[in-house]
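Trainee: Next up is a structure, given as C-alpha cells.
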Amino acid sequence: MEVNLKEMCRTVREDILTMIHAAGSGHPGGSLSSVEIMVALYFGDVMKVDAKNPDWNDRDRFILSKGHVAPVLYSVLARKGFFPVEELGTLRKFGSILQGHPHKAHTPGLECSAGSLGQGLSVANGIALAFKKLGTGQRVYCLMGDGELQEGQIWEAAMFAPQQKLDNVCAIVDYNHVQLDGTVEEIKSLDNLPARWNDFGWNVIEVDGHDVNALVHAFKLAALTKDRPSVLIAHTVKGKGVSFMEGDCNWHGNCPNAEQLAQALAEVRGATS
Amino acid sequence: MSVKKIPMRDGYGKALLELIAANPKVIALDADVAKSTRSGWVKDKFPDNFIDMGIAEQDLAGTAAGLALGGMLPFTSTYAVFMAGRAWDEIRTTICYNNLNVKIAGAHAGISVGPDGATHQALEDVAIMRVLPNMTVVCPCDAEETRKATLAFAKIDGPCYVRFGREAVPVVTDETTPFELGKARLCREGSDVAIIACGAMVYESLEAAKVLADENISAEVIDLHTVKPIDVDAVVAAAKKCGCVVTAEEHQIFGGMGSAVAECLAKNFPAPQEFIAIQDTFGESGQPQELMDAYGLNQSSIVAAAKKVIARK
Chain F
5 MEVNLKEMCR TVREDILTMI HAAGSGHPGG SLSSVEIMVA LYFGDVMKVD
55 AKNPDWNDRD RFILSKGHVA PVLYSVLARK GFFPVEELGT LRKFGSILQG
105 HPHKAHTPGL ECSAGSLGQG LSVANGIALA FKKLGTGQRV YCLMGDGELQ
155 EGQIWEAAMF APQQKLDNVC AIVDYNHVQL DGTVEEIKSL DNLPARWNDF
205 GWNVIEVDGH DVNALVHAFK LAALTKDRPS VLIAHTVKGK GVSFMEGDCN
255 WHGNCPNAEQ LAQALAEVRG ATS
Chain L
3 MSVKKIPMRD GYGKALLELI AANPKVIALD ADVAKSTRSG WVKDKFPDNF
53 IDMGIAEQDL AGTAAGLALG GMLPFTSTYA VFMAGRAWDE IRTTICYNNL
103 NVKIAGAHAG ISVGPDGATH QALEDVAIMR VLPNMTVVCP CDAEETRKAT
153 LAFAKIDGPC YVRFGREAVP VVTDETTPFE LGKARLCREG SDVAIIACGA
203 MVYESLEAAK VLADENISAE VIDLHTVKPI DVDAVVAAAK KCGCVVTAEE
253 HQIFGGMGSA VAECLAKNFP APQEFIAIQD TFGESGQPQE LMDAYGLNQS
303 SIVAAAKKVI ARK
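Encoded structure:
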C-alpha cells in the first residue's frame with residue numbers, strides 16, 4: 005500500500021491533538037515534534053513489521069524511550085492497523101489499551117513500557133545484542149528526547165553500543181530544544197550534540213526532523229553503516245504545526261481546550277508542507 | 003568440630019555454568035565485579051555468553067531487559083547494594099512492569115561483607131525487591147541452595163531476585179536436599195517456638211535450636227528461602243503449632259523476610275513475633291563475625307529472642 009507520507013503526518017497530528025483533548029491531559033509538544041520521525045519509520049518502508057501479526061518473530065523493533073509522547077506512537081500504530089483507530093479516543097481512560105505512558109501488555113505493536121526517562125537506549129541495545137547473538141538480521145530503533153539526554157543512563161548505553169559494534173541499532177534524538185521547565189539550552193545544554201555522539205563512537209546523521217523523505221533516506225543510510233551504531237540527530241520544533249504551541253515549554257504537557265483544539269486542527273489541516 | 007564452609011556465590015557460578023551448558027541462550031551480565039559474583043566463571047568458560055557492562059548498573063538492568071525481549075535468558079549480577087538499589091527504577095519500570103524474564107543476583111549482601119563498611123552492606127534489598135509486582139525473591143541459606151535457586155529461576159518465566167553474601171558460610175544442605183521455589187524447608191521439628199530464618203541465619207537458627215534443646219525448649223526451624231511468594235501454609239502451620247515465632251535475617255528489620263512473615267500472620271493467624279534483624283541502622287566496618295555479633299545476628303540473640311517470645315504467648 006502506497007502511503008502519502010505528508011498526508012499521513014497531517015492525519016497523525018490531528019490524532020494527537022484530538023486524543024489529548026479527549027483525554028483531558030497528555031503531552032502534545034514532543035508528540036508533534038516526533039510526527040515525521042514516526043511516520044518515516046512505520047510508513048516509509050523503513051521498519052519491517054506486520055500489523056496483522058504484532059508478535060511476528062522476524063520484525064524490527066521500535067523502542068520509545070521518551071514515553072510521554074505515547075500519543076504519536078499510538079496514532080501511528082492505529083493508522084498502521086495494529087488496532088482500531090477508534091481506540092485512540094480512549095487514551096488515558098480507565099480500562100483503555102492506551103495507557104498514559106506505554107505499557108507492553110496493553111497495546112498491540114508496543115514492544116516495551118516507557119515513562120521513566122533514560123532507559124530506552126539500554127533496552128534497544130539489549131535487543132540488538134540478542135539479535136547479534138542469535139544471528140538474526142533485524143534492526144532496532146529507539147526514539148529519545150533531547151531533554152532526556154540529561155539522564156546519565158543514556159550515556160552508559162551510548163558507551164555500550166559502539167563497544168559491542170551494534171550496527172543494528174539506530175537511535176533518534178528528537179532535538180526540539182524544549183523540555184518541561186524551559187529550553188534545554190538554559191537548563192542543561194547539549195552544545196555540540198553531534199560531536200558528543202561522534203566522540204562516543206556513533207555514526208552521526210543530522211537531518212531535518214520535519215522532512216519525512218529526508219528522514220527515510222537517513223534511516224536507509226544508517227542501515228548501510230557497518231560495525232557501529234547510528235544516531236539520527238533530528239532537528240525539530242516542539243509543538244510543530246500548531247503556531248501557539250511551537251517552541252513553548254508550556255505545551256510540553258498541556259491539554260488544548262475546545263477552542264484551542266479547533267484552531268490547532270485548522271492549522272494542521274491547512275498546512276502546505 | 004569444624005564446619006564445612008563455602009561462599010554462596012560459588013553456588014551461583016556453578017549454576018550459571020550448568021545452565022549455559024544446557025542452553026546457549028542463557029547469558030550472564032555483570033558490572034565489573036564478575037570475579038566477586040562468580041559470573042566470571044562464565045567469562046572464563048563461555049566467553050560468548052558473558053557481557054561485562056562496566057560500572058553501569060542501570061544500563062546493566064536495561065540491557066538485560068532488552069536481551070530478554072530479544073529472546074535471550076539474561077542473568078545479571080553485581081553487589082546487591084548496587085544491583086537492587088542503583089538499578090531499582092529500571093528493575094521496576096522496565097523489567098517488572100513488562101514482566102520480563104530477567105534473573106537478578108545481588109552478591110555481597112548483608113552486613114557480613116565486613117570491612118568495606120556501610121556503603122557496601124546491602125540491608126534493604128529484600129524489602130525493595132519484595133514490593134515489586136511480578137518479582138520472585140529468594141534468600142538461600144548456603145552455596146548448594148543458591149545453586150538450586152539459580153537453576154530453578156531458569157524454569158519459571160518472569161523476574162527473579164536472589165541475594166547472597168560474600169563470606170564462606172556453613173554448608174546446611176546437600177545435593178539431595180529438596181528445593182522448590184515458594185516452598186519453605188522444614189529443617190528441624192519443634193513445638194515451643196518456630197524460628198523462621200533465611201540466608202546465613204538458617205545455620206545460626208539451627209545452632210540456637212540445639213542450645214534451646216539443652217534447656218528443654220523445643221524449637222522448630224524453618225528455612226524460608228523464598229521470601230516472595232511466601233509459603234503461607236508453612237508459616238501459618240508453624241505459628242499454629244508453636245504459638246510464637248522468631249524471624250532471623252541479615253537485613254533491615256523493616257520490609258524484609260520478618261515483615262513478610264508478620265504480614266502473613268497478621269492476616270491468617272496473629273502470633274507473637276520477635277525480629278532478629280538489623281535494627282533500623284546502618285552498618286560499619288569490621289570483621290564479618292564481629293559485625294554479626296555486634297548487630298545481634300547470631301545464635302545467642304536468637305536464643306534470647308526465643309525465650310522472650312515464648313514468654314509473650
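Listed in order, the protein sequences are those of chains F and L. Terminal number for the first sequence in the numbering used here: 277, no gaps in between. Terminal number for the second sequence in the numbering used here: 315, no gaps in between. A virtual CB, placed ideally from N, CA and C, is assigned to each residue, including glycine. Because the structure is a prediction, the values reported are computed rather than measured.
Closer than 8 Å, CB to CB, is residue 119/F near chain L or not?
Mentor: yes
Trainee: Determine the extent of the alpha helix (DSSP H) in which residue 23/F is found, giving its start and end residues.
Mentor: That run of the alpha helix (DSSP H) goes 9-27.
Trainee: Going along chain F, which residues have a C-beta under 7 Å from residue 99/L?
Mentor: 107, 117
Trainee: Interface residues of chain F around residue 78/L at Cβ under 8 Å?
Mentor: The contacting residues do not exist; residue 78/L stays about 11 Å from chain F at best.
Trainee: Strictly below 7 Å CB to CB, what residues from chain F border residue 92/L?
Mentor: 123
Trainee: Residue 129/F CB to nearest chain L CB: under 8 Å?
Mentor: yes
Trainee: What separation, rounded to the nearest whole angstrom, lies between the Cα atoms of residue 229/L and residue 199/L?
Mentor: 10 Å
Trainee: Given residue 231/F, which residues of its chain have a CB within under 6 Å of its CB, disregarding the five upstream and five downstream residues?
Mentor: 169, 171
Trainee: Strictly under 8 Å for the Cβ-Cβ distance: is residue 126/F near chain L by that measure?
Mentor: yes
Trainee: Under the rule that 16 or more other beta-carbon atoms within 10 Å means buried, what is residue 181/L, buried or exposed?
Mentor: buried
Trainee: I think residue 62/L touches residue 89/L, with their Cβ atoms under 8 Å apart; what is that distance to the nearest whole Å?
Mentor: About 6 Å separates the Cβ atoms of residue 62/L and residue 89/L, confirming a contact at the 8 Å cut-off.
Trainee: Given this structure, state the Cα-to-Cα distance separating residue 170/L from residue 13/L, to the nearest angstrom.
Mentor: About 11 Å.
Trainee: Within the continuous beta strand (DSSP E) that includes residue 172/L, where are the two ends?
Mentor: 170-172
Trainee: Which runs of the beta strand (DSSP E) spanning at least 3 residues fall entirely within the stretch 178-215 of chain L, listed in chain order?
Mentor: 187-190, 195-199
Trainee: Counting C-beta neighbours from all protein chains within 10 Å, is the total for residue 76/L 16 or more, i.e. buried, or is it exposed?
Mentor: buried
Trainee: Ordered along the chain, which non-local residues of its own chain (more than five positions away) have a Cβ less than 7 Å from that of residue 212/F?
Mentor: In its chain, beyond the 5 residues on either side, 218, 239 have a beta carbon closer than 7 Å to the beta carbon of residue 212/F.
Trainee: Quick one: what's got a C-beta closer than 7 Å to residue 98/L's C-beta in the same chain, skipping five residues either side?
Mentor: If we look at residue 98/L and ignore the five residues flanking it on each side, its Cβ neighbours are 134, 135, 136, 137, 161.
Trainee: Name, in chain order, the residues that DSSP records as bridge partners for residue 239/F.
Mentor: 179/F, 212/F
Trainee: Would the stretch 248-266 of chain F and the stretch 221-235 of chain F be scored as touching if the rule is three or more Cβ pairs under 8 Å?
Mentor: no
Trainee: Give a yes or no on whether the C-beta atoms belonging to residue 75/F and residue 41/F are separated by under 8 Å.
Mentor: no
Trainee: Whole angstroms is fine: what's the gap from residue 127/L's alpha carbon to residue 57/L's?
Mentor: 19 Å
Trainee: Which same chain residues, not among the five before or five after residue 4/F, have their C-beta less than 7 Å away from its C-beta?
Mentor: The question about residue 4/F has no answer, for chain F in this structure spans 5 to 277.
Trainee: Enumerate in chain order the residues of its own chain whose CB-to-CB distance from residue 208/L is below 8 Å, with the five nearest sequence positions on each side excluded.
Mentor: Within the same chain, 174, 189, 190, 223 come within 8 Å of residue 208/L by CB-CB distance, once the 5 residues on both sides are set aside.
Trainee: Beta-carbon of residue 208/L versus every beta-carbon of chain F: anything under 8 Å?
Mentor: no
Trainee: When the distance is taken between beta carbons, is residue 197/F closer than 8 Å to residue 147/F?
Mentor: no
Trainee: With DSSP as the reference, label residue 225/L as helix, strand or coil.
Mentor: strand
Trainee: Specify the secondary structure class of residue 98/L as computed by DSSP and reduced to three states.
Mentor: helix
Trainee: Within the same chain, show all residues whose beta-carbon is closer than 8 Å to that of residue 60/F, passing over the 5 residues directly before and after it, in chain order.
Mentor: 53, 54
Trainee: Are the beta-carbon atoms belonging to residue 277/L and residue 129/L less than 8 Å from one another?
Mentor: no
Trainee: Compile a chain-ordered list of the residues in the stretch 160-184 of chain F whose CB is closer than 9 Å to at least one CB of chain B.
Mentor: The structure shown contains no chain B; its protein chains are F and L.
Trainee: Exposed or buried, what is residue 227/L when buried is set at 16 or more other beta-carbons lying within 10 Å of its beta-carbon?
Mentor: buried
Trainee: Rank 50/L, 16/L, 33/L by C-alpha distance to the C-alpha of residue 83/L and give the top, closest one.
Mentor: 33/L
Trainee: Return the CA-CA distance between residue 121/F and residue 312/L, expressed in angstroms with no decimal places.
Mentor: Cα to Cα, residue 121/F sits roughly 51 Å from residue 312/L.
Trainee: May I ask which residues mark the beginning and end of the beta strand (DSSP E) holding residue 76/L?
Mentor: 75-81
Trainee: Alpha carbon to alpha carbon, what distance is there between residue 283/L and residue 158/L?
Mentor: 35 Å
Trainee: Can you give me the start and stop residues for the beta strand (DSSP E) that residue 249/L sits inside?
Mentor: 247-254
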